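Going by this note's numbering, the final residue of the sequence shown carries number 248, and the count climbs one at a time with no gaps. A short write-up of the structure that comes next.
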Amino acid sequence: MSCTESSFLGQGHKSDVYRSEGKIQMVVCIIMGTRDDLYGAIKKLCCVQTPVPSQVINVRTIGQPTRLRSCSLSELPSASGHQPSGHAVHLSKLSFQVNHCLPEKIVVYRDGVSDGQLKTVASYEIPQLQKCFEAFENYHPKMVVFVVQKKISTNLYLAATENFATPSPGTVGCGIPTHYVCVLNTANLSPDHMQRLTFKLCHMYWNWPGTIRVPAPCKYAHKLAFLSGQILHHEPAIQLCENLFF
């Protein structure tokens with residue numbers, strides 16, 4: 003389903019969406035200009051009032067093939083706007099429904115934490131996550147918790163020529179690296195396993211064909227938090243919790 007700016011805001015089309023609830027698989031809206039109010043109205047309708055995965059594309063993007071490739075919508079499990087402990091329980095239940103067993107190891111990437119807050123993560127946030135697993139009988143998964151820090155002073159350069167240059171793609175990720183602090187590792191993952199997992203997750207962000215600076219779950223969490231706090235001002239509908247609707 004697609005719509006233009008003039009037709010989407012019409013009451014008749016809005017009613018059609020309500021009557022079609024459960025029948026529409028995805029809504030794609032092509033808009034002109036950069037009207038935040040229009041974008042917000044579409045997202046509130048599709049994320050709160052009538053839950054359906056949606057994609058809003060600016061008409062200028064369609065004329066640029068390189069940018070058009072980044073317009074993607076996937077139906078993979080994603081964050082749902084719950085508190086961290088409640089979200090962990092929800093994901094565990096989802097894993098049980100899909101795999102018929104609870105996960106034995108859980109890896110958490112915690113973004114937006116400075117060095118002075120590491121102790122808070124270890125003494126307050128992690129115990130809350132561990133306590134939520136009491137919702138399941140005799141369930142004690144092993145956990146790995148990373149703190150992701152982007153605001154660091156380290157830069158990487160290539161010195162193969164007379165002048166310093168940006169490292170070649172696929173060699174070190176990017177010239178501005180990200181710092182990771184492991185605050186819990188009851189799964190006994192080796193540093194090599196940690197690095198490989200993190201590196202591969204930096205290739206799994208669906209809105210960009212290349213690599214990003216942080217693991218994809220961190221980027222998805224940022225997008226969901228921005229959508230909920232700045233656009234929707236409301237928690238997204240629970241029916242969308244298993245889709246990358248943001």
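We put the CB at the ideal spot given by N, CA and C, even for glycine. These figures come from a predicted structure and were not determined experimentally.
Going by DSSP in three states, residue i sits in which element: helix, strand or coil?
| i | result |
| --- | --- |
| residue 183 | strand |
| residue 47 | helix |
| residue 147 | strand |
| residue 160 | strand |
| residue 111 | strand |
| residue 60 | strand |
| residue 278 | This structure cannot speak to residue 278, because the chain is shown only from 3 to 248. |
| residue 90 | helix |
| residue 29 | strand |
| residue 189 | coil |
| residue 239 | coil |
Nearest by alpha-carbon distance to residue i: which of the options is it?
| i | options | result |
| --- | --- | --- |
| residue 95 | 64, 130 and 134 | 134 |
| residue 245 | 39, 157 and 49 | 49 |
| residue 35 | 61, 229, 51 and 43 | 61 |
| residue 198 | 210, 217 and 209 | 217 |
| residue 215 | 167, 154 and 138 | 154 |
| residue 129 | 186, 27 and 168 | 186 |
| residue 64 | 33, 122 and 131 | 33 |
Give me, in chain order, the residues of the same chain whose beta-carbon lies closer than 6 Å to that of residue i; leave out the 5 immediate sequence neighbours on both sides.
| i | result |
| --- | --- |
| residue 205 | 213 |
| residue 41 | 58 |
| residue 225 | 248 |
| residue 113 | 150 and 220 |
| residue 98 | 104 |
| residue 5 | Here the model assigns residue 5 a pLDDT of 48, short of 50, so the residue's position is not dependable and the matter cannot be decided. |
Counting C-beta neighbours from all protein chains within 10 Å, is the total for residue i 16 or more, i.e. buried, or is it exposed?
| i | result |
| --- | --- |
| residue 178 | exposed |
| residue 184 | exposed |
| residue 202 | exposed |
| residue 52 | buried |
| residue 222 | buried |
| residue 90 | buried |
| residue 31 | buried |
| residue 180 | buried |
| residue 55 | buried |
| residue 126 | exposed |
| residue 159 | exposed |
| residue 230 | buried |
Tell me which same chain residues have a C-beta within less than 8 Å of the C-beta of residue i, skipping the five on either side of it?
| i | result |
| --- | --- |
| residue 144 | 106, 107, 108, 188, 189 and 190 |
| residue 182 | 148, 149, 150, 151, 196 and 200 |
| residue 39 | none |
| residue 142 | 135 |
| residue 123 | 112, 115, 147, 149 and 185 |
Going by beta-carbon coordinates alone, are residue i and residue j separated by less than 8 Å?
| i | j | result |
| --- | --- | --- |
| residue 174 | residue 111 | no |
| residue 233 | residue 25 | no |
| residue 102 | residue 243 | no |
Can you find the residues in the same chain that come closer than 7 Å, C-beta to C-beta, to residue i, ignoring five residues on each side of it along the sequence?
| i | result |
| --- | --- |
| residue 239 | 49, 50 and 53 |
| residue 120 | 149, 183 and 185 |
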